[in-house]
Amino acid sequence: MPAKELANPCVDCGEAEFVVDVRSRRLCKPCFERYVSLKVLRRIENYRRPKSVPKGQPYKLLLPLSFGLSSSVMLHAVNAQLERQLSKPYPMVGFEVHVLIIEPSSISPSSASAESRFDLLKKTFPRHSYNMLPFHSIYEYEPTIQNVMTQFAGEEFVDDASLSHKERLDAFRASIATATSKVDVDQVLLNRLIVAYAKELNCDAILWGDSDSRLAAKTLANVAKGRGSALTWQVSDGKSPSGFEFNFPLRDLFQAELHSYANLIPELMAIIIPDQPSSDNTLTKNLSIDELMMRYVQTHGEKYPGVMANVTRTANKLQPAAVPAKAQRCAFCDAFMGDSDEKREFCYACVRSRPDLAC
1 MPAKELANPC
11 VDCGEAEFVV
21 DVRSRRLCKP
31 CFERYVSLKV
41 LRRIENYRRP
51 KSVPKGQPYK
61 LLLPLSFGLS
71 SSVMLHAVNA
81 QLERQLSKPY
91 PMVGFEVHVL
101 IIEPSSISPS
111 SASAESRFDL
121 LKKTFPRHSY
131 NMLPFHSIYE
141 YEPTIQNVMT
151 QFAGEEFVDD
161 ASLSHKERLD
171 AFRASIATAT
181 SKVDVDQVLL
191 NRLIVAYAKE
201 LNCDAILWGD
211 SDSRLAAKTL
221 ANVAKGRGSA
231 LTWQVSDGKS
241 PSGFEFNFPL
251 RDLFQAELHS
261 YANLIPELMA
271 IIIPDQPSSD
281 NTLTKNLSID
291 ELMMRYVQTH
301 GEKYPGVMAN
311 VTRTANKLQP
321 AAVPAKAQRC
331 AFCDAFMGDS
341 DEKREFCYAC
351 VRSRPDLAC
């Protein structure tokens, strides 16, 4: 009996109906999952045991997970790659993954607690190690940060050491004046907490779950905020000032493609915390630069995805400047500030976010 003729066959295998139209290619579910996995694999396949790592010791990767779309898809794709390696007759797994969650409700009061999703996450992907920390645990993992934060906030801010870590962090964050500065400061503190945790575990690299669309928005926002010199490690694969390799396995995938991928996998959708829809009633002046750039990329990315992709590719081609022997580092964001005889505590971008100077 002849096989049933397909109305809209997958252009790759021709054996099933297509379910997703990806960059003018109609793919079925298995072929689309393979498409996404290969994009990620190309970025993590370098993680074989390097000569610097003792034989038998895997490469340690830290994967910060926000329960958002991008980082959740990345975990699913990385987990699938590990499962494929272990299914071979002579498995050779070159890396192990440690997943870190900063409790979303400790960052934003409007976010629901992730406790139930955390339990589900561990059941869905049991092969990895997990830890969930509150935002204020930065005081434990980065003990020196409290003095830096007090100095950063200025003379009008008083850090009451008798308060709990949560209350102290809330007070500091409340002292930051503008929407852009608040987002910028939170990003710096989150990065420092994640890096400090990676050091605690003796990790070799950090995998960031930013899509091509997100990286394009970060590129534009960082330039606008005066953090252009940090693009070589904040949106590009390579060594960061912290000494860790920063890698972005989803950099070749658009946000819309990640949505399509997640929608095909029920167990993944059960973990993801949906983004809160942006309100059209919010005044532009009340939005941070990061939010404005993300809206811009999302709006224009649908019409001109190639243009947004070029933003990310161009940033990824940037080469980090040579670090002088006497290079100073910003006390707050830890970025290099160049060789200067003038003693400065904070870089230009961080100075712009300080409460007494933010505009």
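Residue 159 in the UniProt record's numbering sits at position 159 of the sequence shown, with consecutive numbering throughout.
Quick reminder that beta carbons are idealized off the backbone N, C-alpha and C, glycines included.
* Asked: By how many angstroms is the C-alpha of L121 removed from the C-alpha of S137?
  -> 21 Å
* **The beta strand (DSSP E) enclosing K60, as first and last residue numbers** => 59-65
* When the Cα of L268 is compared with those of F118, A335, Q276, G226, which residue comes out closest? -> F118
* To do: Taking I289 as part of the alpha helix (DSSP H), name the residues at either end of that continuous run.
  => 289-303
* Start and end of the beta strand (DSSP E) containing L27? -> Where L27 is concerned, the enclosing beta strand (DSSP E) stretches over 25-27.
* Extent of the continuous alpha helix (DSSP H) to which D95 belongs -> The displayed chain sequence assigns Phe, not Asp, to residue 95. Taken as a continuous stretch (DSSP letters only), F95 belongs to no alpha helix (DSSP H), being part of the beta strand (DSSP E) at 95-102.
* Near V195, which residues of its chain fall below 6 Å by C-beta distance, leaving aside the five closest residues on each side in sequence? -> S242
* **CA nearest to the CA of V78, picked from D334, L250, D275, R295** => Out of D334, L250, D275, R295, L250 has the C-alpha closest to the C-alpha of V78.
* To do: Could you tell me the boundaries of the alpha helix (DSSP H) in which M92 lies?
  => Element bounds for M92: n/a, residue is neither H nor E.
* To do: Using only alpha-carbon positions, find the residue among K225, P355, N191 that is nearest to S288.
  => Measuring C-alpha to C-alpha distances from S288 to each of K225, P355, N191 identifies K225 as the nearest.
* Straight-line gap, A230 to A335 (C-alpha atoms, nearest Å) -> 7 Å
* To do: Quick one: using the 10 Å Cβ neighbour count with 16 as the cut-off for buried, is H76 buried or exposed?
  => buried
* Pairwise C-alpha distance: F18 and V11 -> 8 Å
* To do: Could you give the DSSP three-state label for E9: helix, strand or coil?
  => Sequence check: residue 9 is Pro here, not Glu. Look at P9 here: in three-state DSSP terms it is strand.
* Asked: For D170, does the three-state DSSP call read helix, strand or coil?
  -> helix
* To do: Count the other C-beta atoms from every protein chain shown that fall within 10 angstroms of the C-beta of A349, then say buried if there are 16 or more, exposed otherwise.
  => Buried is the call here.
* To do: Please specify which runs of the alpha helix (DSSP H), each continuous and at least 4 residues long, are wholly inside the stretch 114-188, giving them in chain order.
  => 115-124, 138-141, 145-153, 165-174
* **Whole-Å CB distance - K60 paired with N202, under 8 Å assumed** => 6 Å
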